[in-house]
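Right, one structure below, let's go through it.
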Amino acid sequence: MSAATPKVSRLSQKIDTQMARARHAGLLRQRRALAIAKAGDNTPNEFMLEGVSFINFSSNDYLGLSQASVLVEAMSQGSQLYGVGSGASPLVTGYSEAHRQLEQALCEASGHEAALLFCSGFSANTALMKTLFDRHDTVVADKLIHASLIDGLRDSGAHLKRFAHNDIDAAVKLIATHQPQAVITESVFSMDGDCAPLGALYQACQQAQSWLIVDDAHGFGVLPVAKQPRASVSNCDVQVVTFGKALGCQGAAILGSQACIDFMVANARHYIYSTALSPANAYVAYRAVKWLGESTKIADTLHGIIDAFRRQCQQAGITLSDSVTPIQPIVIGELERLQAVTDGLKARGIWVGSIRPPTVPKGSARLRITLNVNHTQAQLDHLIASLVEVL
Ligand SMILES: Cc1ncc(COP(=O)(O)O)c(C=O)c1O
Numbered sequence: 001m002s003a004a005t006p007k008v009s010r011l012s013q014k015i016d017t018q019m020a021r022a023r024h025a026g027l028l029r030q031r032r033a034l035a036i037a038k039a040g041d042n043t044p045n046e047f048m049l050e051g052v053s054f055i056n057f058s059s060n061d062y063l064g065l066s067q068a069s070v071l072v073e074a075m076s077q078g079s080q081l082y083g084v085g086s087g088a089s090p091l092v093t094g095y096s097e098a099h100r101q102l103e104q105a106l107c108e109a110s111g112h113e114a115a116l117l118f119c120s121g122f123s124a125n126t127a128l129m130k131t132l133f134d135r136h137d138t139v140v141a142d143k144l145i146h147a148s149l150i151d152g153l154r155d156s157g158a159h160l161k162r163f164a165h166n167d168i169d170a171a172v173k174l175i176a177t178h179q180p181q182a183v184i185t186e187s188v189f190s191m192d193g194d195c196a197p198l199g200a201l202y203q204a205c206q207q208a209q210s211w212l213i214v215d216d217a218h219g220f221g222v223l224p225v226a227k228q229p230r231a232s233v234s235n236c237d238v239q240v241v242t243f244g245k246a247l248g249c250q251g252a253a254i255l256g257s258q259a260c261i262d263f264m265v266a267n268a269r270h271y272i273y274s275t276a277l278s279p280a281n282a283y284v285a286y287r288a289v290k291w292l293g294e295s296t297k298i299a300d301t302l303h304g305i306i307d308a309f310r311r312q313c314q315q316a317g318i319t320l321s322d323s324v325t326p327i328q329p330i331v332i333g334e335l336e337r338l339q340a341v342t343d344g345l346k347a348r349g350i351w352v353g354s355i356r357p358p359t360v361p362k363g364s365a366r367l368r369i370t371l372n373v374n375h376t377q378a379q380l381d382h383l384i385a386s387l388v389e390v391l
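The sequence shown begins at 1 in the numbering used here and counts up one residue at a time.
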């Protein structure tokens with residue numbers, strides 16, 4: 001008797017088909033384990049992959065804090081003070097003095113009344129949308145808001161009306177027509193690096209008695225007050241701050257009124273039914289917020305590097321978009337060309353984010369160059385010379 005051929009399950013077939021389709025379209029996403037230079041290695045922004053060294057122009061660690069000795073030491077102090085894990089969800093016994101202290105520091109830094117911590121920005125955003133809204137609500141949002149906000153809004157069942165990216169006239173019209181519960185945008189857009197017109201949006205929201213909710217993932221710690229619209233970011237009803245970008249660590253916070261945060265504590269399923277952020281991580285984020293408050297010149301250093309990069313690109317004839325932030329995209333268009341450009345940069349030891357649909361609209365595949373305070377002039381020169389060769 002021959003053994004029966006094992007049957008392939010329907011789910012495995014579905015997975016195989018979808019993966020083959022993505023591979024064929026050049027859209028398959030894969031990860032790679034990098035050997036990142038350690039703090040103190042004196043090789044900022046470099047990593048090794050399969051024996052080859054690359055300069056990293058794709059990290060969101062804008063202030064270089066992920067490797068800064070102040071935070072590396074804080075991680076060990078935090079775990080000695082509070083332990084490495086919170087051991088329970090926040091409403092059980094997972095919420096400790098480490099969390100409370102960080103929330104207070106964030107309120108002092110932002111001007112908001114209260115704060116609520118999450119393990120990631122993704123869960124903070126989805127929790128916020130799903131908890132605040134339901135199918136009776138209408139929400140107006142920028143076309144390019146982050147996937148986590150979209151997922152949360154879908155889960156909430158709210159009616160979503162979207163305006164063309166950063167088009168304030170279209171936003172004002174939608175707000176006047178729909179009188180939404182809230183308007184949602186990002187301070188700095190993650191794939192474009194441009195800033196939302198927060199002042200004008202806030203005014204329109206006030207007139208319509210709508211909340212303005214700002215995902216400040218790429219703005220917090222990056223935009224100095226002098227550079228618009230940092231000054232107005234606290235002029236919003238809810239601000240989401242993530243710790244994995246400029247703060248160099250992990251986690252996120254929702255900042256808002258005491259009533260809003262109390263409502264989230266009582267109802268947000270992502271908060272209630274999930275182990276609280278590690279207290280050691282909370283301590284590191286606390287030290288990062290404090291460090292930021294004392295390091296008044298750091299944002300200027302970053303903007304000096306951004307200005308130098310943009311000036312050199314202009315001199316070299318490289319077209320950039322209108323971004324004053326560390327996110328400097330170069331739109332390439334088609335996938336094949338993006339692949340060729342990225343390969344050319346890799347061959348020159350440069351690692352740049354290669355962003356493809358559906359993360360960005362079809363036909364706008366792009367290089368997403370991110371700059372940070374540790375990029376040296378020599379690294380910038382090498383990047384620009386390489387871009388001139390490959391573009
Ligand atoms: C605009 C924006 N919001 C939220 C998130 C999610 O933050 P986290 O990485 O902490 O989950 C990201 C990260 O990719 C982001 O770019």
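Even for Gly, the Cβ is constructed at its ideal location relative to N, Cα and C.
Check: Ignore the nearest five residues each way along the sequence and tell me which others in GLY344's own chain have a CB closer than 6 Å to its CB.; Outcome: VAL390
Check: CB of GLU186 to nearest heavy atom of ligand 3: below 7 Å?; Outcome: Ligand 3 is absent from the structure shown, which contains only ligand 1.
Check: DSSP has LYS161 in a bridge; who is on the other side?; Outcome: VAL140
Check: Measure from the alpha carbon of GLU50 to the alpha carbon of each residue in ASN56, LEU380, ARG32, ASP61, then state which is nearest.; Outcome: ARG32
Check: Taking the alpha carbon of PHE133 as the point to measure from, which residue in HIS159, ASP16, ALA276 has its own alpha carbon closest?; Outcome: HIS159
Check: Verify whether the separation of the beta carbon atoms of ASN166 and THR370 is less than 8 Å.; Outcome: no
Check: So is the beta-carbon of GLY121 under 7 Å away from any non-hydrogen atom of ligand 1?; Outcome: yes
Check: Cα separation between GLY256 and ILE15?; Outcome: 41 Å
Check: According to DSSP, simplified to helix, strand and coil, what is ALA282?; Outcome: helix
Check: Taking DSSP as the reference, what is the three-state secondary structure of ALA22?; Outcome: helix
Check: In the DSSP assignment, what residue or residues form a beta bridge with GLN239?; Outcome: VAL214, LEU255
Check: Between the alpha carbons of SER12 and GLN209, how many angstroms are there, rounded?; Outcome: 50 Å
Check: Give the list of continuous alpha helix (DSSP H) stretches no shorter than 4 residues that lie fully inside the stretch 87-135.; Outcome: 97-110, 121-132
Check: For ligand 1, any of its heavy atoms closer than 7 Å to the Cβ of HIS146?; Outcome: yes
Check: Measuring only the C-alpha atoms, how far is GLY349 from SER69?; Outcome: 27 Å
Check: Where does LEU11 sit, in a helix, a strand or coil, going by DSSP?; Outcome: helix
Check: Tell me, to the nearest whole angstrom, how far the beta carbon of ALA109 is from that of VAL289; I am working on the premise that it is less than 8 Å.; Outcome: 6 Å
Check: Can you give me the Cβ contacts of THR126 inside the same chain, cut-off strictly under 8 Å, excluding the 5 residues immediately before and after it?; Outcome: SER148, LEU149, ASP151, GLY152, ASP155, HIS270
Check: Between the C-alpha atoms of PHE54 and ASN372, what's the straight-line distance to the nearest angstrom?; Outcome: 15 Å
Check: For my contact list, GLY94 and ALA217 are in at a C-beta cut-off of 8 Å; report their separation, rounded to the angstrom.; Outcome: That belief does not hold up - the Cβ atoms of GLY94 and ALA217 are roughly 24 Å apart, past 8 Å.
Check: With DSSP run on the structure shown, which of helix, strand or coil describes ASN166?; Outcome: coil
Check: Determine the closest residue to TRP291 out of ALA105, MET48, HIS24, with distance taken between C-alpha atoms.; Outcome: ALA105
Check: Please state whether the Cβ-Cβ distance between SER86 and ALA276 is less than 8 Å.; Outcome: yes
Check: Specify the secondary structure class of GLN395 as computed by DSSP and reduced to three states.; Outcome: Because the chain here runs from 1 to 391, residue 395 falls outside it and cannot be looked at.
Check: What ranges does the beta strand (DSSP E) occupy inside the stretch 288-353, keeping only unbroken runs of at least 3 residues that lie completely in it?; Outcome: 327-333
Check: Among residues of its own chain, excluding the 5 on either side of ASP262, which ones have a beta-carbon nearer than 8 Å to its beta-carbon?; Outcome: ALA114
Check: Do you know whose CA, among THR301, ALA285, ILE175, lies nearest ALA98's CA?; Outcome: ALA285
Check: Rounded to whole angstroms, what is the Cα-Cα separation between VAL131 and LYS245?; Outcome: According to the sequence provided, residue 131 is Thr. The question's Val does not apply to it. Their backbone Cα atoms lie some 25 Å apart in a straight line.
Check: Quick one: what does DSSP say GLN228 is sitting in, helix, strand or coil?; Outcome: Only weak support is given to the placement of GLN228: the predicted model assigns it a pLDDT of 38, under 50, and the value that follows is read from those uncertain coordinates. Note: GLN228 maps to coil in three-state DSSP.
Check: Please indicate yes or no: does the CB of ASN125 lie closer than 7 Å to some heavy atom of ligand 1?; Outcome: yes
Check: Please go through the same chain and pick out, in chain order, the residues whose beta-carbon is closer than 6 Å to the beta-carbon of ASN267, but skip the five residues on each side of it.; Outcome: THR131
Check: Under DSSP, the beta strand (DSSP E) around VAL52 begins and ends at which residues?; Outcome: 52-57
Check: Pop quiz: PHE57 and LEU383 are said to be a contact at Cβ under 8 Å. What is the actual Cβ separation, rounded to whole angstroms?; Outcome: 6 Å
Check: From LYS227 to LYS173, what does the alpha carbon distance come to, in whole angstroms?; Outcome: Reliability of the predicted coordinates at LYS227 is poor, the pLDDT of 39 falling under 50, and the value obtained from them is presented with this limitation in mind. Rounded to whole angstroms, LYS227 to LYS173 spans 27 Å at the Cα level.
Check: Output the boundary residues of the alpha helix (DSSP H) element that contains TYR72.; Outcome: The sequence shown places Val at residue 72, rather than the Tyr named in the question. Looking at the DSSP string, the run of the alpha helix (DSSP H) that includes VAL72 is 69-82.
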